[in-house]
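What follows is a set of notes on a single structure, which appears directly below.
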Amino acid sequence: MLTTEQFTTEEAKEVGEQLGIKWDQFDVDQFRRGMDVELEHGTRDPLTNVTNDDPLMTGKIALAHLNEFPDYYDRLEKMEDEAEEFWEKD
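Quick note on numbering: the sequence shown equals residues 464 to 553 in my numbering.
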């Protein structure tokens, strides 16, 4: 889940407002972290590039996940940590 690219809180808030996010339903930092994570669907990997690092498209992916679970990125981080521990056991 680590990325070298990161959105600022202000950038994430601006994108969220363009998408019509109600901030009483979602945490701005959760959305910002989601945008950072969803850059994996951008130019980082040409084979899976669907957003071309466009902030609005990246924000839509993050929002889709937050609509499923408002703490989606907390859960994702926990799952990835557990998976990393599991696969490092040898």
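The C-beta atom is built at its ideal place from N, Cα and C for all residues, glycine as well. Computed from a predicted structure; not experimentally measured.
- Just so you know, the alpha carbons of T511 and L526 end up roughly 19 Å apart.
- Measuring C-alpha to C-alpha distances from H504 to each of R495, W550 and T514 identifies T514 as the nearest.
- Comparing C-alpha distances from T471 to each of F489, Q481, D499 and I484 shows the shortest one belongs to D499.
- Put simply, the backbone Cα of K485 is about 24 Å away from that of E540.
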